[in-house]
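*Asks:* Here it is: the structure, laid out below.
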Amino acid sequence: MGAIGGEELLKWEKMQALSGREEKIFVLIRLRPLNEKETAANETADWECINDTTVLYRNTLREGSTFPSAYTFDRVFRGDCDTRQVYEEGAKEIALSVVNGINSSIFAYGQTSSGKTYTMVGITEYAVADIFDYIKRHEERAFVIKFSAIEIYNEVVRDLLSTDNTPLRLRDDPERGPILEKLTEENLRDWGHLQELLSFCEAQRQVGETYLNEKSSRSHQIIRLTIESSAREFLGKGNSATLAASVNFVDLAGSERASQLSSAGVRLKEGCHINRSLLTLGTVIRKLSKGRNGHINYRDSKLTRILQPSIGGNARTAIICTLSPARSHVEQTRNTLLFACCAKEVTTKAQVNVVMSDKALVKQLQKEVARLESELRTPNPTASNCDYVSLLRKKDLQIEKLEKEVKELAKQRDLAQSRVDDLLRMIEEDQKSKKDGEDNWDDDHSVSESSSICGPHRPDRRMREFDNPHFDDGDDTGSSHEEYPDEVCKEVQCIELEESSRDNSEHLDPSLSGNGELALTVSGEENETMNEEREESQIQNNSSYSVLDQFSQDISGSMSSSRSLKLTRSWSCREYHMTGSPERAGEMDRTPANGFERFPGRPDSWRRKLAPLDFGDSTRFGDGSQSSIGSPSANEFGEEVTSIQTFVAGMKEMVKLEYQKQLVDGQGEETQGKSSVKNVKDVGVDPMLEAPGTPLNWSLQFTKQQKEIIELWKACCVPLTHRTYFFLLFRGDPKDSIYMEVELRRLTFLKETFFSANGSLKDAPTITLAASVKALRREREMLVKLMQKRLSGDERTKLFKEWDIPLDSKRRRMQLATRLWSNTSDMNHVMESATVVAKLVRFSEQGMALKEMFGLSFTPQHTVRRSSWRSSRASL
Ligand SMILES: Nc1ncnc2c1ncn2[C@@H]1O[C@H](COP(=O)(O)OP(=O)(O)OP(=O)(O)O)[C@@H](O)[C@H]1O
């Protein structure tokens with residue numbers, strides 16, 4: 001569409017809205033005053049406009065009740081209203097539709113001498129004046145006004161702009177409707193030109209004196225203005241669109257009563273034609289008023305043929321019915337009103353008429369195609385129910401969506417099934433390995449039974465060995481009995497968990513804590529070297545890294561090698577079943593999932609994997625081959641690569657499972673997690689630090705998180721190897737943020753848990769501070785062994801000097817092991833501790849490479865992670 005004036009946009013939009021919509025013919029009544037003749041004849045005005053829409057017949061007594069007395073129309077005008085008012089209030093809007101490309105017609109219908117010509121002359125002039133005014137105000141568009149005028153006189157169509165009386169031929173064009181061939185069309189230049197043309201037409205029109213009207217119009221006159229307009233900016237560019245429409249000003253000849261017809265001659269003939277054509281018009285209108293069913297006899301008269309578009313087609317139409325109020329004309333007035341009543345029921349369907357250039361047409365068609373395609377793709381939701389196509393489309397989309405959901409659910413089911421299978425297989429292997437372990441123990445039980453948590457009937461050879469004051473030779477010369485073979489190291493990994501009260505190898509010191517489980521004393525020489533550790537445990541009062549470790553182990557178990565899996569499975573089993581008593585085992589079995597729900601760092605998907613499983617007799621898992629509390633490190637003293645793999649896989653899986661949990665559980669998980677919010681609402685990272693954000697922010701955030709983590713490691717007695725791996729692997733790369741957050745969150749939870757009343761996880765009461773401290777001690781003992789095994793004498797001496805350990809003191813290696821990671825506020829100390837541990841467990845040689853190799857840099861996009869993490873936190 002070509003451009004349209006900005007200020008007319010609203011009007012244009014209104015026209016667009018009207019376009020193609022059905023609209024009733026606008027019917028007006030104009031009641032003229034009694035004329036001189038009527039007044040002279042003492043006529044009475046029986047008709048009165050009682051308001052703007054109703055005309056009332058007042059002489060009901062005379063007429064009786066056979067006719068209605070009140071008639072309502074769109075607008076009625078009393079005798080004292082001037083033509084300007086009639087135009088402004090009744091015809092203007094419709095007449096001026098033409099400038100926006102919509103055909104329009106203004107009719108005057110009424111009996112002879114009722115004021116049709118009087119009205120239409122004024123209406124025509126006001127309308128043309130407004131059209132000129134509109135054009136003047138819309139210079140952005142180029143207008144062309146064509147003026148033509150015809151009369152239908154005795155069923156002959158004459159061109160009023162031509163002096164040639166040759167009748168115009170009327171033919172029907174399938175697209176344009178009725179066309180008058182060779183009709184003169186004058187390009188209207190200005191107001192003066194209009195007056196000139198109107199005068200000419202008036203002169204040409206058949207007018208004669210009748211009984212009622214000295215200058216009675218004896219023909220139907222149609223003055224037509226055809227207005228074309230195009231946006232100037234598109235003119236001549238080949239892609240313009242032109243609005244083209246016509247407005248008809250129709251002054252019909254007046255109907256006459258038979259008694260009033262001239263008895264003979266020209267007037268009689270005229271009167272007959274007039275009445276006949278008006279009768280046809282009336283019939284057409286009446287039929288149209290009842291709907292468009294059946295045949296409409298437009299072709300019965302030239303008048304109806306020519307007016308067909310105006311009364312039943314593409315035009316907006318107003319009919320002004322003129323009335324004489326005189327009592328003597330009541331019959332004609334009633335006829336006019338009946339005609340008006342029918343006319344107001346007739347609808348037309350006006351459209352904006354656009355003539356497009358080929359180029360513009362192509363463009364328009366392309367737009368239309370695109371629109372239709374878009375409609376097909378996204379069916380209109382407001383479409384009626386009868387719109388079966390769109391309904392079907394909607395259903396198709398729903399089916400498509402459901403099919404996708406089914407597929408997705410099937411995928412999830414398969415995944416879950418495969419995990420269950422894996423776990424069952426793992427359990428099988430695990431049970432087998434446990435059995436083997438038990439057999440080994442049976443073969444090897446040269447020591448007395450221990451009260452180890454690993455099982456009341458299990459001998460704790462390792463504990464016995466470490467409790468032996470001669471275990472540490474007191475020097476670092478590398479005496480032969482410190483050269484423990486790897487298999488011994490493996491045994492050391494099997495640090496059993498047990499409530500301290502049940503572990504005879506260590507003695508609780510009730511003086512340190514009201515809770516015997518929480519404070520430990522170590523007998524013999526260990527007491528001296530373990531002071532710091534004990535102090536640590538005392539300060540923390542309640543701590544354990546066993547759960548933390550268990551967490552890492554379990555996660556890593558799902559990804560690691562079978563060997564790792566074996567160990568971690570043991571650990572998993574222990575969490576549920578290593579109670580050392582059947583009652584405890586039963587208790588665990590009843591509520592296996594609860595403890596996990598309370599564990600924030602543990603992906604729920606993991607819980608789903610393990611919770612339903614039956615690990616069998618709990619006592620079977622208390623064997624010596626179990627992972628230690630400090631399993632990630634302790635497990636791997638003899639198997640460094642594996643242990644780092646496990647650590648890496650564990651971290652990676654932890655994050656991965658967290659995401660899976662988000663994906664699978666969605667809102668439901670969040671809702672479920674809400675029940676736990678109360679308990680752990682303070683657990684988690686600082687909300688301000690949820691995402692790395694800018695590099696500067698991340699740097700600050702990392703430093704803050706790292707410090708918190710280091711403190712929490714100490715508080716939770718986390719294995720030194722774990723601390724070392726973590727500290728050395730996650731050094732401030734923004735990609736590490738999620739691991740930092742996971743670590744921080746689970747440690748915070750642990751601390752919270754151990755500060756709670758019972759100091760242990762509800763469903764894993766064996767996991768206590770005592771067990772954690774014991775495991776840490778064992779890890780240090782392992783490090784002591786590794787110092788001997790993996791460091792040369794010179795290296796050890798150098799280390800002792802660096803760590804201010806007198807070379808002549810006893811248990812130097814244990815002193816060093818105890819000092820490692822003990823000063824959490826000194827980052828140099830932390831770094832040096834990590835370096836030493838890394839060297840001992842050979843992490844320094846392969847750790848960083850492994851980080852890359854195992855894709856620990858796996859990092860979701862920050863944006864994803866943020867939201868995931870947030871909702872994950874919400875689930876706490
Ligand atoms: N509303 C009016 N106010 C004053 N005078 C009017 C009014 N309507 C019509 N007249 C006068 O009545 C006379 C007849 O009017 P007009 O010729 O317009 O009637 P008509 O309906 O066209 O008649 P015909 O069908 O015979 O041509 C004219 O002299 C005109 O001035």
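Position 18 of the sequence shown, counted from 1, bears residue number 18 in the UniProt record's numbering, the numbering being contiguous throughout. We put the CB at the ideal spot given by N, CA and C, even for glycine. Predicted model, so just to flag it, every value in this text is computed and none were measured.
#1: Can you have a look at GLN701 and say buried or exposed, based on whether 16 or more other CB atoms are within 10 angstroms of its CB?
#2: So does TYR118 have its beta carbon nearer than 6 Å to some heavy atom of ligand 1?
#3: Per the contact definition of three or more C-beta pairs closer than 8 Å, is the stretch 178-192 in contact with the stretch 211-221?
#4: Per the DSSP calculation, ILE94 is bridged to which residue(s)?
#5: Under the criterion of a Cβ to heavy atom distance below 6 Å, does GLY208 qualify as lining ligand 1?
#6: Pick out whichever of LYS92, THR54, VAL98, ALA95 has its Cα sitting closest to the Cα of PHE77.
#7: Enumerate, from N- to C-terminal direction, the unbroken alpha helix (DSSP H) stretches of 4 or more residues contained entirely within the stretch 83-151.
#8: Over the uninterrupted alpha helix (DSSP H) stretch that includes TYR725, give me the two end residues.
#9: ALA360: which of LEU243, THR280, ILE427, LYS411 sits nearest, CA to CA?
#10: With burial defined as no fewer than 16 other Cβ atoms inside 10 Å of the residue's Cβ, what is the status of MET120: buried or exposed?
#11: Look up PHE73 in the DSSP assignment and give the residues it is bridged to.
#12: Run through DSSP, which three-state label would ALA231 get?
#13: Going along the chain, which residues of its own chain have a beta-carbon closer than 7 Å to the beta-carbon of PRO309, five neighbours each way excluded?
#14: Measure the alpha-carbon distance for ARG425 versus LYS432 and round it to whole angstroms.
#15: Is TYR388 helix, strand or coil when you go by DSSP?
#16: What do you get for GLY291, buried or exposed, if any count of 16 or more other CB atoms within 10 angstroms of its CB means buried?
#17: State yes or no: is the C-beta of THR112 nearer than 6 Å to some heavy atom of ligand 1?
#18: Check whether the Cβ atoms of GLY312 and LEU288 lie closer than 7 Å to each other.
#19: Below 8 Å on the Cβ atoms is my guess for SER230 versus ARG141; work out the distance and round it to an integer in Å.
#20: Going by the CB atoms, is the gap between GLY90 and ALA245 shorter than 7 Å?
#21: Just to confirm the assignment, what range does the alpha helix (DSSP H) spanning ASP173 have?
#22: Just to confirm my understanding: we take ASN353, look at its own chain, exclude 5 residues before and 5 after, and list those with CB closer than 6 Å. What are they?
#23: Helix, strand or coil for ASP808, going by three-state DSSP, please let me know.
#24: Along the chain, where does the alpha helix (DSSP H) that runs through GLY793 open and close?
#25: Hey, would you say ILE152 sits closer than 7 Å to LYS269, going by beta carbons?
#26: In three-state terms, what does DSSP make of ILE427?
#27: Determine the burial state of ARG327: buried for a count of at least 16 other Cβ atoms within 10 Å of its Cβ, exposed for fewer.
#28: State yes or no: is the C-beta of ARG32 nearer than 6 Å to some heavy atom of ligand 1?
#29: Is it buried or exposed for THR378, if we count other Cβ within 10 angstroms and need 16 for buried?
#30: Along the beta strand (DSSP E) that carries ASN248, what are the first and last residues, could you check?
#31: Distance check for TYR57 and ILE135, CA to CA, integer angstroms please.
#32: Is it buried or exposed, LYS785, if we count other Cβ atoms within 10 angstroms and call 16 or more buried?
#33: Looking only at its chain, what residues have a beta carbon closer than 6 Å to the beta carbon of PHE107, apart from the 5 residues adjacent to it on each side?
#34: Taking the alpha carbon of LEU820 as the point to measure from, which residue in THR280, LEU720, ILE29 has its own alpha carbon closest?
#35: Which term fits ALA203, buried or exposed, when burial requires 16 or more other beta carbons within 10 angstroms of its beta carbon?
#36: Is GLY90 near ligand 1, judged by its Cβ being under 6 Å from some heavy atom?
*Replies:* Quick look at the numbers:
#1: Position 701 of the sequence shown, counted from the first residue, corresponds to residue 701. Result: buried.
#2: Taking the sequence shown and counting its residues from 1, the one referred to as residue 118 is at position 118. Yes, since a heavy atom of ligand 1 falls inside the 6 Å radius drawn around the Cβ of TYR118.
#3: no
#4: In the sequence shown, residue 94 corresponds to position 94, counting from 1. For ILE94, which the question treats as bridged, DSSP gives no partner whatsoever.
#5: In the sequence shown, the residue the question calls residue 208 occupies position 208. No, the Cβ of GLY208 stays beyond 6 Å of every heavy atom of ligand 1.
#6: One-based indexing of the sequence shown puts residue 77 at position 77. Ranking LYS92, THR54, VAL98, ALA95 by Cα distance to PHE77 puts THR54 first.
#7: 83-86, 92-95, 116-137
#8: As a position in the sequence shown, residue 725 is number 725, starting the count at 1. Residues 720-729.
#9: The sequence position of residue 360 within the sequence shown is 360, counting from 1. Nearest of LEU243, THR280, ILE427, LYS411 to ALA360, Cα basis: LEU243.
#10: Along the sequence shown, read from residue 1 onward, the residue named residue 120 stands at position 120. Under this definition MET120 is a buried residue.
#11: Here residue 73 corresponds to residue number 73 of the sequence shown, with the count starting at 1. PHE73 is not bridged to any residue.
#12: Along the sequence shown, read from residue 1 onward, the residue named residue 231 stands at position 231. Here ALA231 sits in strand by DSSP.
#13: For this step, residue 309 is matched to residue 309 along the sequence shown. So the qualifying residues of the chain are ASN103, GLY177, ALA315.
#14: Along the sequence shown, one-based indexing puts residue 425 at 425. Along the sequence shown, one-based indexing puts residue 432 at 432. Their Cα atoms are separated by approximately 11 Å.
#15: Locating residue 388 in the sequence shown gives position 388, where the first residue counts as 1. Helix.
#16: Position 291 of the sequence shown, counted from the start, is the residue given in the question as residue 291. That one is exposed.
#17: As a working note, residue 112 is residue 112 in the sequence shown. Answer for THR112: yes, Cβ within range of ligand 1.
#18: As a position in the sequence shown, residue 312 is number 312, starting the count at 1. As a position in the sequence shown, residue 288 is number 288, starting the count at 1. Cβ atoms of GLY312 and LEU288: closer than 7 Å.
#19: In the sequence shown, counting from the first residue as 1, residue 230 sits at position 230. In the sequence shown, counting from the first residue as 1, residue 141 sits at position 141. SER230 to ARG141, Cβ: 6 Å. Contact.
#20: As a first step, residue 245 must be located in the sequence shown, where it is residue number 245. As a first step, residue 90 must be located in the sequence shown, where it is residue number 90. Not in contact: ALA245 and GLY90 (Cβ atoms no closer than 7 Å).
#21: As a first step, residue 173 is located in the sequence shown; it is residue number 173 there, counting from the start. It is not in any alpha helix (DSSP H) - ASP173 instead sits in the beta strand (DSSP E) that spans 170-173.
#22: Within the sequence shown, residue 353 is the residue found at index 353, counting from 1. Taken in chain order, the residues that qualify are GLY101, ALA244, ALA245.
#23: Counting from one through the sequence shown, the residue named residue 808 turns up at place 808. ASP808: coil per DSSP, three-state reduction.
#24: Walking along the sequence shown from the start, residue 793 turns up at place 793. Element bounds for GLY793: 793-802.
#25: Along the sequence shown, read from residue 1 onward, the residue named residue 152 stands at position 152. Along the sequence shown, read from residue 1 onward, the residue named residue 269 stands at position 269. Taking 7 Å as the Cβ cut-off, ILE152 and LYS269 do not qualify as a contacting pair.
#26: Against the sequence shown, residue 427 aligns to sequence position 427. Of the three classes helix, strand and coil, the one that applies to ILE427 here is helix, per DSSP.
#27: In the sequence shown, the residue the question calls residue 327 occupies position 327. ARG327 comes out buried.
#28: Residue 32 sits at position 32 when you count from the first residue of the sequence shown. Result yes, Cβ under 6 Å from ligand 1.
#29: Counted from its first residue, the sequence shown places residue 378 at position 378. THR378 is exposed by the Cβ-count criterion.
#30: Start at 1 with the first residue of the sequence shown, and residue 248 comes out as number 248. First-last of the beta strand (DSSP E) with ASN248: 241-251.
#31: The count along the sequence shown starts at 1 and reaches residue 135 at position 135. The count along the sequence shown starts at 1 and reaches residue 57 at position 57. C-alpha separation (whole angstroms): 43 Å.
#32: Counting from 1 along the sequence shown, the entry for residue 785 is found at position 785. Classification of LYS785: buried, given that the 10 Å Cβ count is 16 or more.
#33: In the sequence shown, counting from the first residue as 1, residue 107 sits at position 107. Answer for PHE107: VAL250, ILE319, listed in chain order.
#34: Here the question's residue 820 lines up with position 820 in the sequence shown. With distances taken between Cα atoms, LEU820 lies closest to LEU720.
#35: The residue given as residue 203 occupies position 203 in the sequence shown. Exposed, by the Cβ-count rule.
#36: Within the sequence shown, numbered from 1, the residue matching residue 90 stands at position 90. It does not: the Cβ of GLY90 is nowhere closer than 6 Å to a heavy atom of ligand 1.
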